[in-house]
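Residue numbers (this note's numbering): 151 to 401.
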């Protein structure tokens, strides 16, 4: 997909172990479910493949679903260079990137107490276009190697036209928080005697069987660095494993 360049990890603050708590990232409702620790935020980000990025241009809110990847305290995503909206990021603009995971359906004895188990992260910073050529090429390798460590070195190098057509956006995480629900039914005490089924139904995104391209060259086998993407494994675990390998390769 993209060329043979190793990304550079961006260090987080070595002193602080958590993000500052401000009016933007403070968990206000059910605050006991919240956390501002780097490790907690990164765990939610790294277990996900898709995010939603929100910004406001000329008074109009936009929210874009896209693939994200993390290098230390930096988040990256990419888009088309033809995007008029993204071109407005050249001077930098405040942005909010969120990642969420649905882990379970929680059925209670009242509609009010129905819920879901989930993990979510919300990150704030200033989004900007990555224009510097070396940083951009490293980031374009990162979008491959973050999910499939070492793969960019095996690919046909990115062409000048492909690089020109792809816009890379970077955002240093200035503030962030997570919110997690991981428990069963929480009914009111007087409702536990109501005669209806209640409980939690776990939800997982599971990897299916690989479907090789019918035009593979003879003798091409699936590489060992894709072992984490095994049939029946959870996608979040595979992505976390890939992130750990990626960080080990580029740190």
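Note that beta-carbon positions come from the ideal geometry of N, C-alpha and C, so glycine has one too.
The structure presented is a predicted model; accordingly, all values stated were derived computationally and were not measured.
Count the other CB atoms within 10 Å of the CB of residue i; is the residue buried (16 or more) or exposed (fewer)?
i	result
residue 344	exposed
residue 347	exposed
residue 152	Because residue 152 carries a pLDDT of 45, less than 50, the predicted location of this residue cannot be relied on, and the following value inherits that uncertainty. Result: buried.
residue 386	buried
residue 169	buried
residue 402	Examination of residue 402 is not possible in this model, given that the chain is present from 151 through 401 alone.
residue 392	buried
residue 394	exposed
With DSSP run on the structure shown, which of helix, strand or coil describes residue i?
i	result
residue 396	helix
residue 356	strand
residue 262	helix
residue 402	The displayed coordinates of the chain run from 151 to 401. Any statement about residue 402 would go beyond what the structure contains.
residue 292	helix
residue 234	helix
residue 257	strand
residue 374	helix
residue 166	coil
residue 350	strand
Per the DSSP calculation, residue i is bridged to which residue(s)?
i	result
residue 299	Residue 299 is not bridged to any residue.
residue 184	329
residue 390	DSSP, once it has assigned bridges, lists no residue as partnering residue 390.
residue 319	227 and 279
residue 272	248 and 327
residue 334	Its beta-bridge partners do not exist; DSSP assigns none.
residue 267	254
Beta-carbon within less than 6 Å of residue i's beta-carbon, same chain only, minus the 5 sequence neighbours each way: which residues are those?
i	result
residue 238	207
residue 185	328
Note down, in chain order, each residue of its chain lying with its Cβ closer than 7 Å to the Cβ of residue i, except the 5 sequence neighbours on either side.
i	result
residue 354	384
> Which residue spans inside the segment 193-223 form an unbroken beta strand (DSSP E) run of at least 3?
Replying inline: 200-207 and 210-221
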